[in-house]
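Notes follow once the structure below has been shown.
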Amino acid sequence: MNGIGGNDPIASMYKREAMPVSRRAWLRAAGLGFGSLGLTTLLATDFFSQTANPLAPKSAHFAPRAKRVIFLFMHGGPSSIDTFDPKERLDRDHGKPLPIKRPLAFDRSDPGPLMKSPWTFRRGGKSGLPVSDLFPNVRECADDLCVIRSMVGEGVDHGAALLQTFTGTSTFIRPSLGSWTLYGLGTENRNLPGFIAIKPSLAHGGAKNWSSAFLPGAYQGTAIGHAGMKVEDISSEPIEYLVNKRLSGDEQRYELEMLRNVNRRHEALRGNDPQLEARIQAFELAFRMQTEAPEAFEIDKESEATKKLYGLDDPLTRDFAWQCLLARRLAERDVRFIQCTHSYKWDQHSELYNLHTQNAREVDKPIAGLLKDLKSRGLLQDTLVIWAGEFGRTPVSQGGDGRDHNPYGYTIWMAGGGVKGGFAYGATDEIGYHAVEDRMHIHDFHATALHLLGLDHERLTYNYNGRNFRLTDVAGVVARKILA
Amino acid sequence: MMTVRSRWIYKLPVLALFAALALLAQRPAGAAADDEFFEKKVRPILSAKCQKCHNSQALVAELDMSTAEGFARGGESGPLIDGERPMESRLLKVIGYDGEIKMPPTGKLKDEEISVLTEWVRMGAPWPGAKPAKDSAESVAVRKSGRTFSEEEKSFWAFQPVADPAPPAIRNKNLIKSPIDGFILAKLEEKGIAPAPPADRLELLRRATFDLTGLPPTESEIRNFLADRLPDAFAKVVDRLLASPRYGEQWGRRWLDVARYADSTGNDEDHRYPHAWRYRDWVIAAFNADLPYDRFIREQIAGDLLAPEGEDAKLGVNRRGIVATGFLALGAKALAQQDKTRMLYDVYDEQVDVTSKAFLGLTVACARCHDHKFDPILTRDYYSMISIFASTRSFRDPKEFVSPPLTKPLVPKTEYDSYEKALRLHNDRLKRVRFAIDEIIDSVKQPEAQTAAAQLAEIMLAARRVYEDGLELNDEAHKVKLSPEAFAKWVEYLKPGKPREHLLEWERAATLERREVALGYQERFVKRLGEWDAKVSAWRRKYEDAVAANKSPLPDKPSFEAGHDRFFAEVYFNRKGPLAVDEKDEARFTPDAQARMKKLIAEREEIRKQAPPEPDMACAVEDGEIVEQRVFIRGSYHNPGEPAPKDVPQILKLGIPAPENWSGSGRLELADWVARADNPLTARVMVNRVWGWHFGEGLVRTPDNFGVMGERPTHPELLDYLARRFVAGGWSIKALHRTIMLSSAYQMSSRASDEGMAKDPDNRLLSRFPRRRLTVEEMRDAMLAIDGSLDLTMGGTLQSGTGTDGENDDKRLSLNPEKITRRTVYLPLRRANLPPLLNLFDFGDATTVNGKRQLTNVATQALFWLNSEFLADRAANFARALCAEPANDDAGRIERAYLRILNRRPAQEEISGAIKYLAVYREKFPGAENEYKSWMSLARVLMAANDFIYLD
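Here the protein sequences come in this chain order: H and E.
Each residue of the first sequence is one higher than the one before, starting from 257 at the first, in this note's numbering.
Each residue of the second sequence is one higher than the one before, starting from 38 at the first, in this note's numbering.
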């Protein structure tokens, strides 16, 4: 950076005296250049805390139990009654007809008979929470799990169910849970986006599941590749436009100095216009992001033991291990909301045994690795981990060896961030079709997740087109029983 | 296995019967006993489980279960108790958790509690101290949503007739260029604020050119304008820009924001609308032709019902009108929603929403479940509009599993019928070839399958000896009399790998059990094969009969449900399974069959080429069956209430009459009513939109909401003046542009004075022209225009394919705008995955009416300017061209760069600054082509500058 700093002849020529003193002082300091990150960072922090920045950290409505969220999304709909919600009656009545009227299903043909789970449930941890043999590694973390067995959604097709899981509504496009969270709390790390969706699905709502809809664009999720891509193809440029493929660092810095001078002259001639200043600042922030963000994605820096813990060394688990490990690195760096997606795997209308086995093998170890790693680093206590699909699956068989969609009573679990561990909440009926005890509608789930983050879902509103919108629309009850 | 709650009886009536008998036995007779039963058993349940929401205060669902009267009255869904058939009572249905509504919502009551309530209902639900119902009709309260409007509601500004105000007199008359200036200057004078001085001429040219065409002025346009010193120079510019086809692209795109335009359904499966682009092209053409706005409205709501004009009249097909109804047809839809009634009503809802917001600035759809919370819009108003769209078809067949949206031919019916016939014949021809090919394949496959079935156990055992015991494949193949190639497929298939439930028995079989297990597999296989062969034979006979009888369409080959026997399915049907035979497996066919196969494949290719071309189609709606719509209580179609015949919102009927005779779906009457010259909202809403697109903010700053929660107009007289003039001038949008743009207000500088900032910080009084960021389209198109690569081809579609794609297929993404050089308006939009570049720069979500984009300024946008290949390419092309032009010195080139990118001349200090920049660059970064690279660098700087991205 020799000669291109504050003493640069071009810069000094462009300096105008029209600016207010305080800002001029700021600019003089910042004029040390794009290379002098230490001081710029310090100053930018000041700027950052100003209300003008939509992403500046905001205080919660009340003391938060969790500071951030890692949402592990199992796209397709894992079967609750084969994973975390054992149903003895299915063993007993295997092959008998469904004893209740079948609610609206996705499949139109007549329902098959009751089908028992092909997996054995065993108790895990001190709590003795039952987990099936699909998740032997997660079972080791049973005492950290808060299993919610009474989830209720409205969408019987994937699109409606995904959209409701992430945005609260299955029909209209509303901001996603991550966007509301970012809107409510802002973010503490300016060098990374506050809401990151790792390898999100393109189907069933696609980007609408991590978009900000009518909230300002600053709150939309930033995608790291998409579910159709290989990890190898993502890691070279995880965030779009993060890497300059044409210029050397020196060239870019030289250019940016000129850009700032040009912008500063332009601004000075126009007097006080905060949007012009904001864009000048945005370049400073972006440059820092470009410099510092890639480090967060350098999974290779992890120890061999850590990589092994997640299963990064095994081709079978590698993809989701990479996602989980990246999620931990982002959580460590105070990214507010992180989504990982196992897509689009869990939709077993047929071959339940074969494909659920395969799917669980791909995620079991990485998920357990994440929980253990977060815990050992002291991160689990203020990180809310959520494991969920868009719905569960029917107790009756479909097409001989599969199960259909069931949004009427299914299981998700949470861990860390202020929820009771080793705890099962709510219940489905004897065959696992309808939630009947402590029913948790998706609105209630959202209300609860926001509550854990210190946000009151009724106060977290945004006025759009004359109406105050909420994530939970006009519903949502916090499930206080699960709070630690 | 874990224990779960053990007692559960699904059949409520049985349970209830037992419980009732048991209770009956305990219960002393008489009224006092009834009272005691209620107080001890029933009231505690009602109190703990029902009254928290259903009390006289909260009145959820308008139901009060805390008093006898409230209980007897019931809620908005009607009475709780059916006096005639108590066991059918609504109360029992909702606590039975069997239907749509489940109460209490937090969890089902305990069995004992259900028994108590069931018994109580059976007794007639006696409530101690309740007065006997006067009249059963009264207790079955049928609530109507009718209500009277308050004076405040009736006098709300937006519902008043458009006034005819004269421009107010002002002191500084020489500032008045257009009548609208009087309205603005009067307010400024009132507050003692001086308006900003006129804008610099080149700033004004840049402003107007971007504003009307979305592109920057060219170098020659700049020079011509500077040379024209006549007073009407700017008026000529405005006329020139309005006459440019680029105008329709820019303003059409603005309307497309309102019409929530996209090329796919979005919500779930994101199916393409392959013909939506015709609507987009219609919008662009409508703006370019200055189609009168009332006609513009009528075509979009009911174009198919209007008389065709011009060419369309000759053809006898109202192509233009049909295409225009794309406005109603191309909204977001959930095609795979299995509750098809709900799917349809969500679509009608979306159509009410877009129609009422786009043309009337009313949020009618907020009244779906309740009367509008803020505006005098009743639930019945909503369902009266719904009845219009419920009588309109948007789907070819809504009952299909994934419901296909309606597409309408743009050719005469006879022509379309013959296309359909040709298509059917074409498909039959393909089917016949397929049949013949399959016959050849089966001639090999069937005997091979029979042979394999007869010794399946031996094959399995032999394969296992290879993959498990390591014996030689060739030897084992020989033992079972199979070729090594054929046997290798069995080994490959049987050897353990991914989890396969149907092979677990085989994989787990101990050495001594192997043969017995294998024989079991064989037995099942033989049986299944026999069944399948019989099924195929039966079909073959039917097929041949159909061919002989010249029937069409021909019957399809039966399919096998794999889940019922996955082993058979994989062995027999899998393309890579042990018994797979393919049309390419020439070596396995007899010479004669080989020759026939070759011919058939050639024939198939030939037929495929002859597929009849689909006639022009449109994404459109049409009149359907007339629906007798009712109000849906709380928005649920399970809960129909009073009739809601076609109508317009009651509050507006106080000012202008509703249509008298509704016909068909009622769209035509609705369209005519919306487009009435005296509709108080229609013209106001549109002139406000146009104003807002010129000035960044409308006179009403909530362009899509003119209701109570919307903003009040900053200049109500001006709004009315413009609305009145708009209608009187034949609804001409181009005339409106001229009125606005030739005013002093439009031509003010964007520089704010200290006084202006202090007294008018939000610029509500228009003391200056608002500076604004370019939209993503303007920014992208301008960059392409500046480097000379913009492709100005108009219309048509860049989208390929139909339907949707694999769940995580790249084809689900919108095309990448950074790899295309057409104008942004022509890029197809996959609604679920809009181009990231558009998302990044605040394009909106293409799902709801969006009359005003929220323009943001964040670091991730700056990353684009730092690092995008798109910007780098633009700068490279620009620099290449600049260097190729003759120039005396750097200064001349710098001036050109400024003119082309920033549309202004550089100041002297900028020229010397840039000269230094180039010189230092060349010195710091020596190497080949470093002169050209220095220009590229400067171009990048100028394109990323605020000076470029902001419009003064």
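For glycine and all other residues, C-beta sits at the position ideal for the given N, C-alpha and C.
Since the model is a prediction, treat every value here as computed from it, not as a measurement.
Minimum Cβ-Cβ distance from residue i to chain E less than 7 Å
i        : result
H/Thr297 : Any answer about H/Thr297 is weak, because its pLDDT of 37 lies below 50 and its placement is not dependable; what the coordinates show is given next. Closer than 7 Å: no.
H/Ala534 : yes
H/Leu709 : no
H/Gln614 : yes
H/Met407 : no
H/Ala524 : no
Proximity below 7 Å, CB of residue i to CB of residue j
i        : j        : result
E/Pro717 : E/Gly692 : yes
H/Ala417 : H/Phe701 : no
E/Trp768 : E/Pro329 : yes
E/Leu493 : E/Gln388 : no
E/Gly285 : E/Phe333 : no
E/Asp307 : E/Ala819 : no
C-beta neighbour in chain H for residue i, strict 7 Å
i        : result
E/Val978 : yes
E/Glu437 : no
E/Thr378 : no
E/Val895 : yes
E/Asp984 : yes
Euclidean distance between Cα positions of residue i and residue j
i         : j        : result
E/Gln487  : E/Lys621 : 22 Å
E/Asn925  : H/Asn309 : 46 Å
E/Glu568  : E/Phe605 : 12 Å
E/Leu519  : E/Val573 : 26 Å
H/Ser435  : H/Pro456 : 15 Å
H/Ala740  : H/His331 : 28 Å
H/Gly672  : H/Asp400 : 7 Å
E/Ala922  : H/Ile429 : It should be noted that the sequence gives Glu, not Ala, for residue 922 of chain E. Distance between the alpha carbons of E/Glu922 and H/Ile429 is about 51 Å.
E/Ala231  : E/Leu222 : 9 Å
E/Gly229  : E/Leu241 : 26 Å
E/Met422  : H/His661 : 34 Å
E/Arg1008 : E/Asp570 : No information on residue 1008 of chain E is available, as it lies outside the stretch 38 to 989 that chain E covers here.
E/Arg461  : E/Ser589 : 8 Å
E/Leu447  : E/Asp846 : 32 Å
E/Arg565  : E/Glu485 : 15 Å
Where residue i falls: helix, strand or coil (DSSP)
i         : result
E/Lys445  : strand
E/Val584  : helix
E/Asn209  : coil
E/Phe1010 : No information on residue 1010 of chain E is available, as it lies outside the stretch 38 to 989 that chain E covers here.
E/Met654  : strand
H/Phe290  : Below a pLDDT of 50, predicted positions are generally treated as unreliable, and H/Phe290, at 47, falls in that range; the measurement from the model is reported next regardless. Three-state result, H/Phe290: coil.
E/Arg667  : strand
E/Ile496  : helix
E/Asp824  : coil
H/Pro651  : strand
E/Met980  : helix
H/Asp660  : strand
H/Phe576  : helix
E/Pro484  : helix
Beta-bridge pairing of residue i - partner residues as DSSP gives them
i        : result
H/Val408 : H/His697
H/Val641 : H/Ile326 and H/Ala671
Taking beta-carbon pairs under 7 Å, can you tell me which members of the segment 602 to 627 of chain E lie near chain A?
The chain inventory of the structure shown lacks chain A, comprising the protein chains H and E.
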